[in-house]
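**Student:**
Residue numbers (the UniProt record's numbering): 1 to 565.
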């Protein structure tokens, strides 16, 4: 999913309790002292809306034989190259995915997979001997003995064999010269047996996820199912677009900025819990524009930022019709005026620009950072991109797309059998006496500690996720599908936190007597099977999780389980 810092995605992998810690860095030559004012000056010098929004190349993840979709093999590499984030910014060194160096992009190519048609991807590391960004060896990190940049790819939200999950310990360097202790194979198998929807792929190397994603190792992945997709008559072809949003800061020379000194340098010399960039990029361009016609557009919006939440809205009040959230459609579309995206979260929406009262529409952001109690966004990070609305031309095809009345029957939790197990998952943040974050543990355990949670394939569980930190946290779970059903505030929070710190047992600390505060309803546009849910601070979030995967080959059983949904 991926997540390794305070407001980054909290990943709970089946049979592994993952500690959410981040990295900051160790480059050969430390960056010269850079101030926040320097970074704001660089970002502020970039004129908004001068670069057109690019669309990443699409790679078809299946072939055809006798009119039927069939499995294929792909090879996708990781390369260092330079990328132009803005017309007036020097080219930026990046790490990117592509089928060859020339075609590699920031973000990577969009993989278009077909439901129930397996895809085999050989991921190859062609990165240099050293990283282009700082990293910190004092947190659990993949550190090869002979140099190189460790990488491993995780397909976020996918149902696949654990060997193809991209374990943080399955890292490898260029040419597979060195491999992590969990590495088993160069080619990953993605069965694509889950319902159609939006996923994304990204680096997941131990202790380096933060740096590798910041450098550019991310891309979109779509599972199509024509029997489900086509009858909805959603906008398609040139009217179906991806928006991959990611905040970045740049040095004067155009290089990506990442801090070289940690928030608690006597503990972690370079690690920082969060990264907030001064510039907002979409599809690898800072504050781009997109020319649209007066018709409906489908926008698949991914927040690929490290820690920044986005609360997006359209400047002229146009409504946003949400048709999907992460890897699933909704039961029915939900119309909203604004949309809150956590890091790693995806929303699938339709905007009808034929109803626009203005010729220009800005996509705005109002989410505080850190979320929810941090600073309000300013004139730079409060804007995302601009749509330029033009009349339809005489050669433009008619817009026969719709926002359907109904979508899929399996989005509700009632589509699954009752839960068989309840677990308490508690997020703790540890601070220095001066209030600086040093690490975040789940159930008080480190990544290296023995496994405590062992769900069984084919079961459905209820997890009570308790957030004792000060920030909202995105929760991501591997090898299962899930959705939040209730969010309830804790009362007498400090007393409960003190007890949990001492006892580390929610039942013994009488969680039921504390989880009696106001209930915050789960938004209607998030009521489906998710890759990421938001866990507010000081709340207990009830999460239904379906573990539908067989843990070992053969794969027929877990494919069959997913086909029932």
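For every residue, glycine included, the Cβ atom is placed at its ideal position computed from N, Cα and C.
Below 8 Å, how does it come out for the segment 305-316 and the segment 363-371: are there three or more Cβ pairs, yes or no?
**Tutor:** Yes, the segment 305-316 touches the segment 363-371.
**Student:** Do the segment 276-292 and the segment 432-448 meet, that is, are 3 or more Cβ pairs less than 8 Å apart?
**Tutor:** As far as the Cβ criterion goes, the segment 276-292 does not touch the segment 432-448, which means the pair count is below three.
**Student:** Looking only at its chain, what residues have a beta carbon closer than 7 Å to the beta carbon of residue 91, apart from the 5 residues adjacent to it on each side?
**Tutor:** So the list reads 82, 83, 84 and 254, once near-sequence residues are dropped.
**Student:** I need the straight-line Cα distance from residue 482 to residue 415, nearest angstrom please.
**Tutor:** In a straight line, the C-alpha of residue 482 is about 12 Å away from that of residue 415.
**Student:** Could you tell me the distance, in whole angstroms, from the CA atom of residue 26 to the CA atom of residue 270?
**Tutor:** Confidence is the limiting factor: at residue 26 the pLDDT is only 41, short of 50, which leaves the residue's position unreliable, though a coordinate-based value still follows. Whole-angstrom Cα-Cα distance: 7 Å.
**Student:** Pairs of beta-carbons, one from the segment 88-104 and one from the segment 70-80, closer than 8 Å: are there three or more?
**Tutor:** Taking 8 Å as the limit for Cβ pairs, the verdict is that the segment 70-80 does touch the segment 88-104.
**Student:** What residues are listed by DSSP as bridge partners for residue 437?
**Tutor:** In DSSP, residue 437 forms a bridge with 431.
**Student:** Between which residues of its own chain and residue 547 is the CB-CB distance below 8 Å, once the five residues before and five after are set aside?
**Tutor:** Excluding residues within five positions, the ones whose Cβ falls inside 8 Å are 14, 455, 456, 457, 458, 459, 460, 461, 479 and 480.
**Student:** Residue 55 by DSSP, collapsed to three states: which one?
**Tutor:** Coil.
**Student:** Rounded to the nearest angstrom, what separates residue 265 and residue 209 at their Cα positions?
**Tutor:** Residue 265 and residue 209: Cα-Cα distance of roughly 20 Å.
**Student:** Following the continuous beta strand (DSSP E) through residue 333, name the residue where it begins and the one where it ends.
**Tutor:** Element bounds for residue 333: 328-336.
**Student:** For residue 102, is the classification buried or exposed, using 16 other Cβ atoms within 10 angstroms of its Cβ as the cut-off for buried?
**Tutor:** Exposed, since its Cβ has fewer than 16 Cβ neighbours within 10 Å.
**Student:** What I want to know is whether the C-beta of residue 235 ends up closer than 7 Å to one or more non-hydrogen atoms of the ligand SAM.
**Tutor:** Absence of the ligand SAM is noted for the structure shown, with no ligands found whatsoever.
**Student:** Distance, Cα to Cα, residue 390 vs residue 363?
**Tutor:** Cα to Cα, the separation comes out at about 17 Å.
**Student:** Please give the ranges of any beta strand (DSSP E) in the segment 258-339, keeping only runs that are unbroken, at least 3 residues long and fully inside the region.
**Tutor:** Those beta strand (DSSP E) runs which fall completely within the segment 258-339 and span 3+ residues are 279-282, 289-293, 296-303, 310-314, 320-325 and 328-336.
**Student:** From the DSSP output, in three-state form, read off residue 413 for me.
**Tutor:** In this structure, residue 413 counts as helix in the three-state DSSP scheme.
**Student:** Report the residue from 282, 139, 189 and 286 whose alpha carbon sits nearest the alpha carbon of residue 243.
**Tutor:** When each option's Cα is compared against that of residue 243, the closest is 282.
**Student:** Under 8 Å, do residue 500 and residue 467 count as touching if we go by C-beta distance?
**Tutor:** No. Outside cutoff.
**Student:** Who are the Cβ neighbours of residue 146 in its own chain at under 7 Å, not counting the five residues just before and after it?
**Tutor:** Only 177 and 178 meet the Cβ criterion.
**Student:** Anyone know if the C-beta pair for residue 410 and residue 353 falls short of 8 Å?
**Tutor:** Contact flag unset, no.
**Student:** Identify the continuous beta strand (DSSP E) that holds residue 622 and give its terminal residues.
**Tutor:** Lying outside 1 to 565, the shown extent of the chain, residue 622 is not represented and no answer is given.
**Student:** Only counting the same chain, and skipping five residues up and downstream in sequence, which positions put a Cβ closer than 8 Å to that of residue 432?
**Tutor:** 264, 267 and 438.
**Student:** Where does residue 212 sit, in a helix, a strand or coil, going by DSSP?
**Tutor:** Correct three-state label for residue 212: helix.
**Student:** Can you give the beta carbon distance from residue 361 to residue 386, rounded, assuming they're within the 8 Å contact cut?
**Tutor:** About 7 Å separates the two Cβ atoms, so the contact holds.
**Student:** Helix or strand or just coil, what does DSSP make of residue 182?
**Tutor:** Note: residue 182 maps to coil in three-state DSSP.
**Student:** Whose C-beta lies closer than 8 Å to the C-beta of residue 509 among residues of the same chain, with five residues either side of it excluded?
**Tutor:** Excluding residues within five positions, the ones whose Cβ falls inside 8 Å are 496, 499, 500 and 503.
**Student:** Quick check on residue 206: buried or exposed, where buried means 16 or more other Cβ atoms within 10 Å of its Cβ?
**Tutor:** Buried is the call here.
**Student:** Take residue 186 and list the residues in its own chain whose beta-carbon comes closer than 6 Å to its own, dropping the five residues that flank it on each side.
**Tutor:** Result list for residue 186: 122, in chain order.
**Student:** Give me the Cα-Cα distance between residue 259 and residue 69, rounded to the nearest whole angstrom.
**Tutor:** Approximately 47 Å, taken between the alpha carbons.
**Student:** Since residue 349 is in the alpha helix (DSSP H), which residue starts that stretch and which ends it?
**Tutor:** Segment 346-352 is the beta strand (DSSP E) holding residue 349; no alpha helix (DSSP H) there.
**Student:** Go through its chain and collect everything with a Cβ distance to residue 489's Cβ below 7 Å, but skip five positions before and after it.
**Tutor:** So the qualifying residues of the chain are 517, 518, 538 and 539.
**Student:** Per DSSP, what kind of secondary structure is residue 568 in: helix, strand or coil?
**Tutor:** The question about residue 568 has no answer here: the residues shown for the chain are numbered 1 through 565.
**Student:** Rounded to the nearest angstrom, what separates residue 400 and residue 471 at their Cα positions?
**Tutor:** Going by the C-alpha atoms only, they are around 43 Å apart.
**Student:** Among the residues of its own chain, which have a CB less than 7 Å from the CB of residue 492, if the five just before and after it don't count?
**Tutor:** Here the set comprises 514.
**Student:** Closer than 8 Å is the cut-off here; do at least three beta carbon pairs connect the segment 215-229 with the segment 29-48?
**Tutor:** Contact fails: fewer than three Cβ-Cβ distances are below 8 Å.
**Student:** Would you kindly work out how many angstroms separate the C-alpha atoms of residue 294 and residue 357, rounded to a whole number?
**Tutor:** So the two alpha carbons sit approximately 11 Å from each other.
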